[in-house]
Structures are given as structure tokens and as C-alpha cells.
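Novice: If you want the numbering used here, it's the 1-based position in the first sequence plus 47.
All residues carry an ideal CB built from backbone N, CA and C; glycine is no exception.
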Amino acid sequence: MSEPEETDDGRFDHTAIEPKWQQAWDDQEVFRIEDDAEDPEYVLAMFPYPSGEMHMGHVRNYAITDAYARFKRMQGESVLHPMGWDSFGLPAENAANERDVDPRGWTMDCIANMKDQMELMGLGFDWDREVTTCEPEYFQWNQWFFQQFYEEDIVERQTAELNWCPDCETVLADENVKGDNEECWRCDTPIERRDMDQWFFTTTDYAEELYDSLDEMDGWPDNVREMQRNWIGKQEGASVSFDVTTGDSVDIFTTRLDTIYGATFFALSPGHEVAQQIAETNDDVADYIRRVEAADDEEVDETSGVFTGEYARNPATGEEIPVYVADYVLEDIGTGALYAVPAHDDRDHAFAREHDIPIEQVVEPAEDAAADPTDIDVEEQAYTEDGVLVNSGEYDGLSSEEARERFVEVFDGEFRTAHSLRDWCISRQRYWGTPIPFVECPDCGYVPVPEENLPVELPEFVQTTGNPLDAAEEWKQTTCPDCGGPAERETDTMDTFVDSSWYFLRYVSPDLDDAPFDTGQGSDWLPVDQYVGGIEHATMHLIYSRFFTKVLDDLDMLNGLREPFENLLTQGMVRKEGAAMSSSSGNVVSPRPFVENYGADTGRLFMLDAAQPEKDFDWTAEGAQSAHDFLQNVYGLTADFAAGDIETGEGGTVEDYLDRKIRATAAMATAEFERFRFNHALQAVRDLVSLLRRYVDTTEPSEDILDDGLSTVTRLLAPVAPHIAEELWELLGGDGLVAEADWPDADKPDGYGVERRLVENTREDIRDIIDVADIADPARIEIAVAPAWKHRVRELAEQADGDVVGAVMSDDDLRQHGEAAADFAKEFIGQEHFDDQLPPAEETAALDRATWLIEREFDADIAVYGSDDAPEELARKATPGRPAINIEESG
RNA sequence: GCGAGGGUGGCUGAGCUAGGCCAAAGGCGGCGGGCUUAAGACCCGCUCCCGUAGGGGUCCCUGGGUUCGAAUCCCAGCCCUCGCACCA
Numbered sequence: 048m049s050e051p052e053e054t055d056d057g058r059f060d061h062t063a064i065e066p067k068w069q070q071a072w073d074d075q076e077v078f079r080i081e082d083d084a085e086d087p088e089y090v091l092a093m094f095p096y097p098s099g100e101m102h103m104g105h106v107r108n109y110a111i112t113d114a115y116a117r118f119k120r121m122q123g124e125s126v127l128h129p130m131g132w133d134s135f136g137l138p139a140e141n142a143a144n145e146r147d148v149d150p151r152g153w154t155m156d157c158i159a160n161m162k163d164q165m166e167l168m169g170l171g172f173d174w175d176r177e178v179t180t181c182e183p184e185y186f187q188w189n190q191w192f193f194q195q196f197y198e199e200d201i202v203e204r205q206t207a208e209l210n211w212c213p214d215c216e217t218v219l220a221d222e223n224v225k226g227d228n229e230e231c232w233r234c235d236t237p238i239e240r241r242d243m244d245q246w247f248f249t250t251t252d253y254a255e256e257l258y259d260s261l262d263e264m265d266g267w268p269d270n271v272r273e274m275q276r277n278w279i280g281k282q283e284g285a286s287v288s289f290d291v292t293t294g295d296s297v298d299i300f301t302t303r304l305d306t307i308y309g310a311t312f313f314a315l316s317p318g319h320e321v322a323q324q325i326a327e328t329n330d331d332v333a334d335y336i337r338r339v340e341a342a343d344d345e346e347v348d349e350t351s352g353v354f355t356g357e358y359a360r361n362p363a364t365g366e367e368i369p370v371y372v373a374d375y376v377l378e379d380i381g382t383g384a385l386y387a388v389p390a391h392d393d394r395d396h397a398f399a400r401e402h403d404i405p406i407e408q409v410v411e412p413a414e415d416a417a418a419d420p421t422d423i424d425v426e427e428q429a430y431t432e433d434g435v436l437v438n439s440g441e442y443d444g445l446s447s448e449e450a451r452e453r454f455v456e457v458f459d460g461e462f463r464t465a466h467s468l469r470d471w472c473i474s475r476q477r478y479w480g481t482p483i484p485f486v487e488c489p490d491c492g493y494v495p496v497p498e499e500n501l502p503v504e505l506p507e508f509v510q511t512t513g514n515p516l517d518a519a520e521e522w523k524q525t526t527c528p529d530c531g532g533p534a535e536r537e538t539d540t541m542d543t544f545v546d547s548s549w550y551f552l553r554y555v556s557p558d559l560d561d562a563p564f565d566t567g568q569g570s571d572w573l574p575v576d577q578y579v580g581g582i583e584h585a586t587m588h589l590i591y592s593r594f595f596t597k598v599l600d601d602l603d604m605l606n607g608l609r610e611p612f613e614n615l616l617t618q619g620m621v622r623k624e625g626a627a628m629s630s631s632s633g634n635v636v637s638p639r640p641f642v643e644n645y646g647a648d649t650g651r652l653f654m655l656d657a658a659q660p661e662k663d664f665d666w667t668a669e670g671a672q673s674a675h676d677f678l679q680n681v682y683g684l685t686a687d688f689a690a691g692d693i694e695t696g697e698g699g700t701v702e703d704y705l706d707r708k709i710r711a712t713a714a715m716a717t718a719e720f721e722r723f724r725f726n727h728a729l730q731a732v733r734d735l736v737s738l739l740r741r742y743v744d745t746t747e748p749s750e751d752i753l754d755d756g757l758s759t760v761t762r763l764l765a766p767v768a769p770h771i772a773e774e775l776w777e778l779l780g781g782d783g784l785v786a787e788a789d790w791p792d793a794d795k796p797d798g799y800g801v802e803r804r805l806v807e808n809t810r811e812d813i814r815d816i817i818d819v820a821d822i823a824d825p826a827r828i829e830i831a832v833a834p835a836w837k838h839r840v841r842e843l844a845e846q847a848d849g850d851v852v853g854a855v856m857s858d859d860d861l862r863q864h865g866e867a868a869a870d871f872a873k874e875f876i877g878q879e880h881f882d883d884q885l886p887p888a889e890e891t892a893a894l895d896r897a898t899w900l901i902e903r904e905f906d907a908d909i910a911v912y913g914s915d916d917a918p919e920e921l922a923r924k925a926t927p928g929r930p931a932i933n934i935e936e937s938g
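#1: Does the separation of the CB atoms of V36 and P918 fall below 9 Å?
#2: Would you mind stating whether D648 and L615 have Cβ atoms separated by less than 9 Å?
#3: I need the boundaries of the alpha helix (DSSP H) containing E273, first residue and last residue.
#4: With a threshold of 16 other CB atoms inside 10 Å of the CB of P489, please say whether the residue is buried or exposed.
#5: From this set, N500, P495 and W522, which residue's C-alpha is nearest F508's C-alpha?
#6: Note the first and the last residue of the continuous alpha helix (DSSP H) segment covering A254.
#7: Run through DSSP, which three-state label would C719 get?
#8: Within 10 Å of its beta-carbon, does G928 have 16 or more other beta-carbons around it, so buried, or fewer, so exposed?
#9: According to DSSP, is K623 part of a helix, a strand, or is it coil?
#10: According to DSSP, A359 sits in a beta bridge with which residue or residues?
#11: Give me the Cα-Cα distance between G99 and E721, rounded to the nearest whole angstrom.
#12: Note the first and the last residue of the continuous beta strand (DSSP E) segment covering T526.
#13: Quick check on this structure: which residue in G434, D433 and A450 has the alpha carbon closest to the alpha carbon of E441?
#14: Can you look up L209 in the DSSP assignment and give me helix, strand or coil?
#15: Near T350, which residues of its chain fall below 7 Å by C-beta distance, leaving aside the five closest residues on each side in sequence?
#16: Could you check which residue in F192, E661, E76 and M654 has the C-alpha nearest to that of E669?
#17: Kindly confirm or deny that the region 97–115 and the region 597–608 touch, where touching means at least three C-beta pairs closer than 8 Å.
#18: Can you say whether N644 is buried or exposed, counting buried as having 16 or more other CB atoms within 10 angstroms of its CB?
#19: On the DSSP letters alone, give me the boundaries of the alpha helix (DSSP H) that T596 sits inside.
#20: When you compare only the Cα positions, how much space is there between E902 and A910?
#21: Which ranges would you report for the alpha helix (DSSP H) in the region 490–574 if only whole runs of at least 4 residues count?
#22: Quick one: using the 10 Å Cβ neighbour count with 16 as the cut-off for buried, is E427 buried or exposed?
#23: Within 10 angstroms of the Cβ of G783, are there 16 or more other Cβ atoms? Answer buried if so, exposed if not.
#24: Just reading off the alpha helix (DSSP H) that F653 is part of, what are its end residues?
#25: Give the secondary structure of W72 by DSSP, where H, G and I count as helix, E and B as strand, and everything else as coil.
#26: Count the C-beta pairs between the region 737–751 and the region 697–706 that are closer than 8 Å, then say yes if the count reaches three, no if not.
#27: Which of the three DSSP states, helix, strand or coil, is assigned to E216?
#28: Considering just the uninterrupted stretch of the beta strand (DSSP E) at R463, what are its terminal residues?
#29: Would you give the residue range spanned by the beta strand (DSSP E) that E182 belongs to?
#30: Near R841, what residues of its chain come up, given a Cβ to Cβ distance below 6 Å and the 5 sequence neighbours on each side ignored?
#31: Could you say which of P791, D860, Q69 and S673 lies nearest to L764 if we only look at CA atoms?
#32: Taking Cβ positions, are Y430 and E411 nearer each other than 9 Å?
#33: Considering only residues of the region 68–126, which uninterrupted alpha helix (DSSP H) runs meet the minimum length of 4 residues and lie entirely inside it, listed in chain order?
#34: Check whether the Cβ atoms of G104 and M620 sit closer than 9 Å, and answer yes or no.
#35: Check T311 in the structure and name its three-state DSSP category.
#36: Buried or exposed for V545, please, with buried defined as at least 16 other CB atoms from any protein chain shown within 10 angstroms of its CB.
Quick look at the structure:
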């Protein structure tokens, strides 16, 4: 009994072939890459959180990277295509609490399950480089980095009002808070604010570079770069000090220094230290601050505020302007204090109207502006555009831009660039993460755990209402590394985004035990050539990783590498019936049952064929079926050929047609694979298969050509449908595995596009004629290429500048065609654009090659006349690129 | 409000960053035909309107414009999706 690789009706059985080839790849270590590989193609998919079940989004992600990795491998490149597990995080802890397991065991089970599904999909990862972030071998380096960062002052403890997720019971970084309603990125619970003392990475130190280098990152999509720009939020402005009657000098930040003459009041945020000071002696201010701090944002009126009784001196006018504490001034924007110019800022305007503060116009529209100065009424509405200064003393007439430059000097300010990016709060009051390697000593304060005592491992998990680390008394009690006295361990763990900020470096040397990664190899293998993942990480993971890379380079670990990901592709969502697939709505197609029914190849082909990777696409049963049918079709054709069921014979011009088509297909597919446009590449492949089938059905095909065609199809299909491609490769008697075969590199044949158009147009014309003339049964079709002299006329017309007829008639050879040449020349008068055309001999050759297709389609005898031997009557109607056609009806 | 990306024939989806060969690929759906005992699978053709020889008309959100020529470039408007947003 043989293996049931083929069912009775000549179709393949994916349940038999898929495991077989997966085993073969594994046995032959196809996806393994050695450490000594030089600058391999680094193809990376964002590693998953191991929830235990793969969903179609994962499948799409890995189908993309795997196809590209396989393509590159076949092109002869060394390819690094690794996979790992972002395996710390709250879901494991929740699962542990819900079903009485421990987070570690649960996580490991999930990993095993997901890995199993990945293998079922035939994804080609180098499992020798698997990285698991919850293992001490991995997270010890988080701790080691933490200490290094601490040395370099990149780790700080800061007290701030932080985001608290009541459901996750932990603080969150700003990046983890999503949407208008400020919800937790994991559980969608609205976050609360709490003043806390936490560990931070000082990402703000790198804000400038993180922002500026986005401009040069051409390999990233514009929308991601724009999202990061928004997030980092660069503001160019200036700072100036105002003396306040409290005796303080208060620093403000403004982007509109040009409007300083129009400042009619001064405003402090409720949290500003000067405001707090005033509150100590001023009950009104104290009441106000207490009120707005207790209230939600929406509850406070935007124009609310309280006069402090103090005044600030406007350095421009010398006037004393009232100081307010106002809720619309935000503590963490700029310096938390501002001078307000009601005439030129909407919020200042609203506040001034509410509190009866004068409005003083100091800018009016410039002459070239859209607005007319006489139409501007700043009492009614603020004029917020740039313009020309007025009411600004000796500076009247300056443009806003000039004024901003000048005023910095005049008012003793300084240019300043502000960013809205905040430092990265990395403390989490959770168990399942990397312990922060510090101890708190009553005498010495926070002291780092010495390097030789790393890693600080996690204690055994206990179910508790708060942070399990806090409850692990025995683990918590330790001694101070400095003074040896009793001390307590830090019980916070790190944000899991720390883990994912450098995992792409660990893949380079996953087993190294004296460093997080090998610097030499890392700087050779990095940056990642192609990174693929979801857009949801645009402002989290992708900023953190960039930050980490820069810091590690500044720690001399990356030989000048500043950016980790050269090219980024953000894949679109997989939808079903127009809606996002989500388990909560039951609107899902699960990979495992799908693979069992249709096979991994069908799923992969469908996903890559349905849409371009960055676009959303709808999963439909018809589309999946169509992909499956196509694979069966190719298999059937190849199996018939391999079994000798196709009678082969002598070749002729048909072979040239096929040969050119095969080469053109390989060339097109290669270019499209390179650009991640799998759908285009696959269309070319489908086209070739369709042609091969017609070739088999209507001629006695050449064995060589058929073999070449099928072998090309097989290899072009191999990155996308790898299992069936192996099966086809074996049927065709290819050497070794197709996964390791040579990619069919080819140049597009000369003039291919023009030829293709000629043939298509000619066939189209014949169809039209038959249809319009209502020819029931064409018996003979004559096709005549235009005479050489017409080609010549056309050529001259294209070169001639204006006097087409003159140019033609001054040509000796053409003159002998007299009237006819002149008339034909006239047709080109005024024509400025000339399509490419083949010379007459090549046009004839192209039509000759395509004769079989025409013959077959119309079931008629075909005669192709070259430019010299066409009957006069027929050739008269022909023009270059447009052969004359005569159809004779039978009967 | 600021910013980014879109609006293509029944649906989906290319093309539009290099204007002309674009009535506009492919897939799906629909119609007709072939193969088959039959079904499935597979193969072929048609699928905006008119036309008895390859022709003509209308068309790529709307309205203008540039050009000999625009789905493709420019301007205005409408609509959709996404990101940021009391940002000084």
C-alpha cells in the first residue's frame, strides 16, 4: 500500500502531503541559519503574545514573512527568519487566578500549542533561535540593561500623576492609554489618575532624535511615521520669564512670541508650584485647585479660573497683568504656565470674555493673506494666523516670523523645542513580568542588585488581591547590597514592552550567556531588513524599540546602529463579512479547523492572493475555495504530465510563444515578490498556468517546454504554497527540495509588452469582426502585417517635426509609393504621441508565434502574411501594429 | 480642530508616485457553451449602451482647470477610514 498522497480523482490530499514536507524541511534544516552567515536577509514578524490560539491575523502576518523569507532563500540569500514568544503579561496572571494554575505553566502550555499551530501552517522558522521572554535566560538581560541604564542616568525614579488601570491594578505608560476615553490598551477599562512614585526610562532624552530621524526612514509607511510624529509632538518655540508679584520668576513656553505685546493676563495651571504656593495663603485659589483636581475633565468648564490677586510684569509692555489659576492650562504642556493673548488664541479669548479681561490686537493679516485686516474683529473672535505686528511699539510692521526671532533676544528668552513625548513609566504592580532588580534599604535608599546576583527570579505565584510579589514575604526580605542591613526587594516588575524592545537582537545570539547579544554579529545582522506586524504597535513597541536601539548604541553595543528596522510593513486586518474577526462576536475563522479542511497552502495562498499585505481584506468562503481549486488545478496538470498522460510531440513557433511567456512570468513575479505584492505575482502565475493548460489541450506540447513551464510555476508558487510546491517538484523530478531550489530568475523578453498587446488586440479585433459581422463559422482567417514602407512612413512621421508629408515624400524609397505614401503620411499629421511598435519582421514573428492560440480559439485555418508577401488587397488595410484581417466564412 | 490615507464597472480589487496602447487586469457572482451517464472538478466565451468587418457613444465621487490628450496632474467641494488633540 502506498501513501494516500493522491486521491482517486487525481487530486492531492493536503492531510498527507503537508506533514510529510514539514518533516522533510525539519530533517534537512532548511530554515536554520548559522552564526557565521554574513549579513543575512533579516525577515522578522512581530513575535506574538502566546494566548494559546492563533488567529487569522497571526496567520496573515507569518504568511507574509514566510513567503518573503522563502523567496529570498531561493534567490540564494542567507535568511534569518526567527520566532519567539512575548510571554510575560497580565493574561497569564488572570488565567492563573481564574483556573488555579500558575502563570508559568499556563504560558508554557500556550506556547506549545501555538508552536504546534505554526508548524501546522508550514511556517519556516529557525527554531534553534527561539526566544522566550519569560525565561530567566532572557529576562536577566532586561535586568542587566536596567542596571546599565541606571548607571547612565537613563533610569530615574519620578513622582508624577500616572495612569492607573483599576482592572489590571497597575500603572500604565502614556503609550498604553488609548483613545478618546483614555482606556487601557489591554482591557479597555477607563484609566484613573494617581500620584505615584515609579521607575522611568528617560525617553525624553531621545525625543529629538526619535522625531528627526523619522524623515529619513523611507522604508517605513507614511502613516506610521506620522503617528510617531504626532505622538512625540515636536513644538518649536521660545521660553521667556515673567516676574510675578509673589517674587517668583515664572518661565513660560510659547510658539507665538510675536504676540507678547498682546498679553493681557497670565495663567498658571492648578498644579504649578507657584499656584500651589499662592494657595497656601489664598483660600479662593486653594478652593479652586481642590475643586478641579477632584473633578473629571468634562465636569470643569473650559473657561473656569480664579484670579490670584497677584500680577505678572509683561516684559514687552512693562505692564502688570493679572495672574489667574486656570484649569485650561495643563501642567504637563510647556511649563504649565503661559501668558495669554486673547486677541490671537481661541482659548485665551474665551477665558478673557468670561472674566472681562481686555483684548488687545497686536497682529493683523499681512497684505498677501486671504483675510482683509478690516474684517478682523478680535473682540468677536481671535485671529490666530501669522501676520504683521501692530500695537507692538517699535516693532510694528515686523512679520510674525521676524518678530519671533527678534523677541527672543529682546526679552532675554531662549529658543526651545518642546515635545509631548513623556518619559516611559516602566513599573508595573504585577507578578508576571521581569522583577526590577533593586532593593530598598531604609538607610541607603534604592540600591541596585549587583550584577553577580542577577537574575532576580520570580518567587512562586500566590493568588492574592494585590501584587503577588508584595505578598511573597520571604522573597521580599533581603539584605542591602551596600550596608548589609535588612532591606526589601522592589516588588514592581517591568512593563512587558521592555521585553519586546530588544528581542530582535537576542535572535542573533539566543544562547549567549555572558551578554544579551553578540555585538559584532548583532551590528552585522541588524538592522532588520524587513519587519512585518500590526499597526497597533505604531506608538508603543515601535517607539520603544527605536529608543532601546539608540540607548544600546550609546552604551557602545551596536557599532553605530541607530534604527532597528530598515523596512516596515504594517499588515491590514483580516475581516469577515466586513467586520473585524473577533471571538467575542463569534465572527471568526479559526486557523486549525481551516487547515484541517482545506490545508495550510490554501489558507496561505488565499491570504496573499486576496489583497496587498497592507490592506484589510475580507475572508470569504468563495475566495478560499478559489485558492484551493487553483492548487488542485495545478496539481492535476502536473500530475498528468508526470504520469505521462499528456502526449507530447514536436515543437514549432508555439514553443517560442510559451518560452517567452514563461520568462516574462518569472520576471514579473520576481519584481512583484520583491515589492511584497504577492497578489500581482500570483496573478502572473495563474495566467501562465492557464496558458499551459490551453497548450496541453490544443497542441501536442513539447515535453521540454511543458517541463520548463511547470517547473517555473512550481518554484514561483513555492514561497506561498510551499507544501504543494514540494509535491509538484517531486513529480517533476526536481533535485532536492524546492525550498532550496534556485529561483527562476529571468529578464522579460525584449519587446514583450508590445508583442502581448499586438496579439491581444488582434484577437480582440477578430472577435469583434466575427461578432459584428455575425459570422457563424469562420473557416479561414488571414492576417497581414503592414508593408515595410508603412512602417517606414510611421517612423519618419514620429521623427518629423511638423511637416510629415514633406519628410515622407523626400524619401526616395517612399516616393515610389506615391499617392499611397502621401495619404498614409497625412494620417499622422498632428499626432504627437506614437505607441511603441515592432519592426515588420518582428511583428510577423509575434503573430506567427500566437497563431496556435487564434487557431484554437476560432477553430479556423490561420494564415499570417509577412510584410512582403501579403496580397495587395489585404495589405492595404494594414497599419503598423494593426494587421489587416480577412475572415472567410465556411459554407 | 490638526494631520494621514482613501472614494474605480453587480461585488471585490488593480491601475493612478513615470498622463496616451484604459471600456479600464484578475478574482467572485451572473449568463452561454464544452467535457461527463450524472454531479463535482476542469476548460472556453460573454457580462456599460448602440452597431451585419475590427466602428461609435457614455464612464473611473461632484464641479472646475492644465494639456493635442486625464481614472491618472492641479484647484474647490462632498463623503469615508485612521491617528493626534484643552499642545500654549
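Specialist: Taking the geometry as given:
#1: Given a span of 48 to 938 for the chain in the structure shown, any question on residue 36 remains unanswerable.
#2: Here residue 648 refers to the residue found at position 601 of the first sequence. Here residue 615 refers to the residue found at position 568 of the first sequence. Not closer than 9 Å, so no.
#3: Numbered from its first residue, the first sequence carries residue 273 at position 226. Unbroken alpha helix (DSSP H) run through E273: D269 to I279.
#4: Locating residue 489 in the first sequence gives position 442, where the first residue counts as 1. By the 10 Å Cβ count, P489 comes out exposed.
#5: The residue you call residue 508 lines up with position 461 of the first sequence. Measuring from the Cα of F508, the nearest candidate turns out to be W522.
#6: Numbered from 1 along the first sequence, position 207 holds the residue referred to as residue 254. Start and end: A254 to D259.
#7: For the purposes of this step, residue 719 is identified with residue 672 of the first sequence, where counting begins at 1. As written in the sequence, residue 719 is Glu, which differs from the Cys given in the question. Here E719 sits in helix by DSSP.
#8: As a first step, residue 928 must be located in the first sequence, where it is residue number 881. Answer is buried; the Cβ neighbour count reaches 16.
#9: Your numbering for residue 623 matches position 576 in the first sequence. The answer is strand: DSSP assigns K623 an E or B state.
#10: Mapped onto the first sequence, residue 359 falls at position 312. In the DSSP output, where bridge partners are listed per residue, A359 has V291 and I368.
#11: In the first sequence, residue 99 corresponds to position 52, counting from 1. In the first sequence, residue 721 corresponds to position 674, counting from 1. Spanning the two alpha carbons is a distance of roughly 33 Å.
#12: In the first sequence, counting from the first residue as 1, residue 526 sits at position 479. Here the beta strand (DSSP E) through T526 covers Q524 to T526.
#13: In the first sequence, residue 441 corresponds to position 394, counting from 1. Of the candidates G434, D433 and A450, the one whose C-alpha sits nearest the C-alpha of E441 is A450.
#14: The residue given as residue 209 occupies position 162 in the first sequence. DSSP places L209 in strand when its eight states are reduced to three.
#15: Residue mapping note: residue 350 aligns to position 303 of the first sequence, counting from 1. The answer, listed in chain order, is A397, F398 and E401.
#16: Here residue 669 refers to the residue found at position 622 of the first sequence. With distances taken between Cα atoms, E669 lies closest to M654.
#17: no
#18: Taking the first residue of the first sequence as 1, we reach residue 644 at position 597. Looking at its Cβ environment, which holds fewer than 16 other Cβ atoms inside 10 Å, N644 is exposed.
#19: As a position in the first sequence, residue 596 is number 549, starting the count at 1. Taken as a continuous stretch (DSSP letters only), the alpha helix (DSSP H) holding T596 covers H588 to D601.
#20: Locating residue 902 in the first sequence gives position 855, counting from the first residue. Locating residue 910 in the first sequence gives position 863, counting from the first residue. Looking at the two C-alpha atoms, the distance is approximately 10 Å.
#21: 515–518, 520–523, 543–546, 550–553 and 566–572
#22: The count along the first sequence starts at 1 and reaches residue 427 at position 380. When all chains shown are included, E427 counts as exposed.
#23: Position 736 of the first sequence holds residue 783. G783 is exposed by the Cβ-count criterion.
#24: As a first step, residue 653 must be located in the first sequence, where it is residue number 606. Unbroken alpha helix (DSSP H) run through F653: A647 to A657.
#25: Against the first sequence, residue 72 aligns to sequence position 25. Three-state result, W72: helix.
#26: yes
#27: As a position in the first sequence, residue 216 is number 169, starting the count at 1. Reduced to three states, the DSSP call for E216 is coil.
#28: On the first sequence, position 416 is the one that residue 463 refers to. Segment E461 to H466, the beta strand (DSSP E) holding R463.
#29: On the first sequence, residue 182 is found 135 positions in, with the first residue counted as 1. No beta strand (DSSP E) holds E182; DSSP gives it neither H nor E.
#30: Locating residue 841 in the first sequence gives position 794, where the first residue counts as 1. The answer, listed in chain order, is P927.
#31: In the first sequence, the residue the question calls residue 764 occupies position 717. Cα-wise, what sits closest to L764 is P791.
#32: Stepping through the first sequence from its first residue, residue 430 is reached at position 383. Stepping through the first sequence from its first residue, residue 411 is reached at position 364. A contact, by the Cβ cut-off of 9 Å.
#33: 103–121
#34: Numbered from its first residue, the first sequence carries residue 104 at position 57. Numbered from its first residue, the first sequence carries residue 620 at position 573. The answer is yes: Cβ separation under 9 Å.
#35: Working through the first sequence from its first residue, we reach residue 311 at position 264. Reduced to three states, the DSSP call for T311 is coil.
#36: To locate residue 545, count along the first sequence from 1; it is residue 498. Its Cβ being crowded by 16 or more others within 10 Å, V545 is buried.
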